[in-house]
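Quick note on numbering: the sequence shown equals residues 4 to 122 in this note's numbering. Heads up, the beta-carbon is just placed ideally off N, CA and C, and yes, glycines get one too. Computed from a predicted model, the values in this text were never measured in an experiment.
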Amino acid sequence: MSFTDFKFSEKVYGDPRKYPGHEEVLKFLTDLATHFELTELIRFNTLVTHVAEVFESDIIEFVVESNMNGVISVEVLDAVVVCNGHDAQPRLATDIPAKKILNPFYSKIYQLPRHTYLT
């Protein structure tokens, strides 16, 4: 986990030999958002109720309906990132043929870089 201009390895977030826990990931992402002044662009605790692409021009845009504390808004945005957390139990795709999945694992149980992605 890293970005070319904001590297996880250059920060001190616990034991660098292990895969970071949720506390380290939260600290890294908070520092990243603060460093690049992204926090004012993020809408925390907001329920996104609908996203649809606008096909009226050559520019990619999305109509987004959301609900924040009972206040419903509709906006046209040029990008959408939905961050919905993670489940406590792994849910692997069942509709993809097994031969197309290369060594699947669930990120919650990943601890050390010992998994092989390609065989």
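Quick one: residues in its chain with C-beta nearer than 6 Å to the C-beta of residue i, no 5 flanking neighbours on either side, listed in chain order?
i: Glu78; result: Val67
i: Phe9; result: Leu35
i: Phe65; result: Val54, Glu56, Leu80, Val83
Just the Cα atoms here: how many angstroms apart are residue i and residue j?
i: Leu29; j: Ile62; result: 33 Å
i: Thr119; j: Leu35; result: With a pLDDT of 48 at Thr119, under the threshold of 50, the modelled position of that residue is not reliable, and the figure given next carries that caveat. Answer to the nearest angstrom: the Cα atoms are 28 Å apart.
i: Thr37; j: Ser69; result: 24 Å
i: Glu40; j: Phe58; result: 31 Å
i: Thr49; j: Glu43; result: 14 Å
i: Ser76; j: Thr52; result: 10 Å
Taking the beta carbon of residue i as the centre, do at least 16 other beta carbons fall within 10 Å, making it buried, or is it exposed?
i: Glu56; result: exposed
i: Ile104; result: Residue confidence for Ile104 is low, a pLDDT of 49 falling below 50, so the modelled location carries little weight; the figure read from the coordinates is stated next. It is exposed - the Cβ of Ile104 has fewer than 16 other Cβ atoms within 10 Å.
i: Thr7; result: exposed
i: Glu26; result: exposed
Looking only at C-alpha atoms, which of the options sits nearest to residue i?
i: Ser60; options: Glu13, Asn48, Asp81; result: Asp81
Give every residue of the same chain whose Cβ lies closer than 8 Å to the Cβ of residue i, excluding the five residues on either side of it in the sequence, and list them in chain order.
i: Glu13; result: none
i: Met71; result: Arg46, Asn48, Thr49, Leu50
Can you list, in chain order, the residues of its chain with a C-beta nearer than 7 Å to that of residue i? Leave out the 5 residues immediately preceding and following it.
i: Lys102; result: Below a pLDDT of 50, predicted positions are generally treated as unreliable, and Lys102, at 49, falls in that range; no measurement from the model is reported.
i: Gly73; result: none
*Curious, which full-length alpha helix (DSSP H) runs of at least 4 residues does the stretch 10-41 contain?*
Fully enclosed alpha helix (DSSP H) runs of 4 or longer: 25-38.
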